[in-house]
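Chemist: In this note's numbering, the protein residues as written are 871 to 1195.
One structure is given below, represented as structure tokens, and several questions about it will come after.
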């Protein structure tokens, strides 16, 4: 049985969810510091002041590739306190191989998206961004993408941060317009208890009626959510499943909805997700994080994909457009 400390879908106590987000941001901050330490310095003038930069842009998107992307990042100060701002300006810069200077690309505006629970103050900045060329800063692909972020917080203070991002030639997750992987995900008729295939404390059998492979043959649009409500690092897996529950009721009979638990035998996991085994579908779909939500059309082609928490309004808009109504 799952302990009460592993029930983020209920969003109570709210402090648990907020503390998981703080841990999530802290992990990103550590990764950012490590990356900065490994980056070459151009001279004494490039050495940051003791304590690091005043603000940092922490990349949440984990699968950026050439083409259109949903960019997600957090802004925090040096104490890992989130920046409170409605929008942020993002100026992409690409440095090609061969020593040429950075090339400025078209700037975009990112909007703040609150993460549940309501009133927690946590959230990220989201924008649509186009990368016209891949850049992974590797020997094989030495191009470098940087994002220069600027904002004004609620106190009127100027916020400036820069981060490097890896942009692949092709995404690790299923690409828009291509067929979805025909994963043989578990269904409720294969187990004695839904706790064997879902860490949701109150699972809806309707999410586990069909496997992904079976649903792709039905000829209806399909929404697939990969999440682990009890063991989610960002604590948004449970809230995302709640969003799908609402949409499932609204689109009953017109769209199929499936929840895929990230881990095998979640009922046997005792708090340590890092010792757990992921289900085969996670690798088949190339997922580097969770939650991920995918929307397929009636022909099984991927029409939209969303990493981390995605509001109901955006998924509703996607389904409405897909159904033509």
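Every residue gets a Cβ at the ideal spot worked out from N, C-alpha and C, and that includes glycine.
Since this is a predicted model, take the numbers as computed values, not measurements.
Cα separation between residue 924 and residue 1170?
Modeler: Distance between the alpha carbons of residue 924 and residue 1170 is about 46 Å.
Chemist: Spatial neighbours of residue 984 within its chain, please: C-beta separation below 7 Å, excluding the five flanking residues on both sides.
Modeler: Closer than 7 Å at the Cβ level, and outside the excluded window around residue 984, lie 993.
Chemist: Who are residue 1198's beta bridge partners in DSSP?
Modeler: This structure cannot speak to residue 1198, because the chain is shown only from 871 to 1195.
Chemist: Using the Cβ count rule (16 or more neighbours within 10 Å means buried), how would you classify residue 1163?
Modeler: With 16 or more other Cβ atoms within 10 Å, it is buried.
Chemist: Would you kindly report the start and end of the unbroken beta strand (DSSP E) that includes residue 993?
Modeler: First-last of the beta strand (DSSP E) with residue 993: 993 to 1001.
Chemist: CA-CA distance, residue 1122 and residue 1043?
Modeler: One C-alpha to the other measures close to 27 Å.
Chemist: When you compare the CB positions of residue 954 and residue 1023, do they come within less than 9 Å of one another, or not?
Modeler: Yes, the pair counts as a contact, with Cβ atoms nearer than the cut-off.
Chemist: Using DSSP bridges, identify the partner residues of residue 1037.
Modeler: 1005.
Chemist: Quick one: measure Cβ to Cβ for residue 1161 and residue 1102, integer angstroms, because I've assumed they're closer than 8 Å.
Modeler: About 7 Å separates the two Cβ atoms, so the contact holds.
Chemist: When the distance is taken between beta carbons, is residue 1104 closer than 9 Å to residue 982?
Modeler: It is not a contact, given that the beta carbons lie outside the stated cut-off.
Chemist: Within a Cβ cutoff of 6 Å, which residues of the same chain sit near residue 1068, ignoring the five residues on either side of it in sequence?
Modeler: So the qualifying residues of the chain are 1131.
Chemist: Using CA atoms only, rank isn't needed, just tell me which of 1074, 1064, 963 and 1045 is closest to residue 1019.
Modeler: Minimum Cα distance to residue 1019 is reached at 963.
Chemist: Ignore the nearest five residues each way along the sequence and tell me which others in residue 1054's own chain have a CB closer than 7 Å to its CB.
Modeler: 1081 and 1083, listed in sequence order.
Chemist: Nearest CA to the CA of residue 1028: which residue from 1156, 1057, 946 and 999?
Modeler: That would be 946, whose Cα lies nearest to the Cα of residue 1028.
Chemist: For residue 1000 versus residue 959, is the C-beta distance shorter than 9 Å?
Modeler: It is not a contact, given that the beta carbons lie outside the stated cut-off.
Chemist: How big is the Cα-Cα spacing for residue 1146 and residue 1134?
Modeler: Going by the C-alpha atoms only, they are around 7 Å apart.
Chemist: Report, in whole angstroms, the separation of the C-beta atoms of residue 1126 and residue 1090, which I expect to be a contact under 8 Å.
Modeler: Correct: roughly 5 Å between the Cβ atoms.
Chemist: Express the C-alpha separation of residue 1088 and residue 1060 in angstroms, rounding to a whole number.
Modeler: So the alpha carbons of these two residues sit roughly 20 Å apart.
Chemist: Please report the residue range of the alpha helix (DSSP H) in which residue 1020 lies.
Modeler: Taken as a continuous stretch (DSSP letters only), residue 1020 belongs to no alpha helix (DSSP H), being part of the beta strand (DSSP E) at 1014 to 1022.
Chemist: I need the DSSP call for residue 941, collapsed to helix, strand or coil.
Modeler: Strand.
Chemist: Buried or exposed: where does residue 1034 fall if 16 or more other Cβ atoms within 10 Å of its Cβ makes it buried?
Modeler: That one is buried.
Chemist: Tell me whether residue 1149 sits in a helix, a strand or coil according to DSSP, three-state version.
Modeler: In this structure, residue 1149 counts as coil in the three-state DSSP scheme.
Chemist: Do the CB positions of residue 1017 and residue 928 come within less than 9 Å of each other?
Modeler: No, Cβ-Cβ distance for residue 1017 and residue 928 is not below 9 Å.
Chemist: Check whether the Cβ of residue 1048 lies closer than 8 Å to any heavy atom of the ligand NAD, and answer yes or no.
Modeler: In terms of ligand content, the structure shown is empty, and the ligand NAD therefore cannot be addressed.
Chemist: Tell me the residue span of the alpha helix (DSSP H) that contains residue 1115.
Modeler: Taken as a continuous stretch (DSSP letters only), the alpha helix (DSSP H) holding residue 1115 covers 1107 to 1120.
Chemist: Counting only runs of 3+ residues fully inside the stretch 1024 to 1075, write out the beta strand (DSSP E) ranges in chain order.
Modeler: Listed in chain order, they are 1028 to 1035.
Chemist: At which residues does the alpha helix (DSSP H) containing residue 852 begin and terminate?
Modeler: As displayed, the chain neither begins before 871 nor continues past 1195, which places residue 852 out of reach and without an answer.
Chemist: Taking the alpha helix (DSSP H) that residue 1084 belongs to, which residues open and close that run?
Modeler: 1082 to 1085 is the span of the alpha helix (DSSP H), which, as asked, contains residue 1084.
Chemist: Assuming contact is defined by CB atoms lying nearer than 9 Å, are residue 971 and residue 979 in contact in what I supplied?
Modeler: Going by C-beta atoms, residue 971 is not nearer than 9 Å to residue 979.
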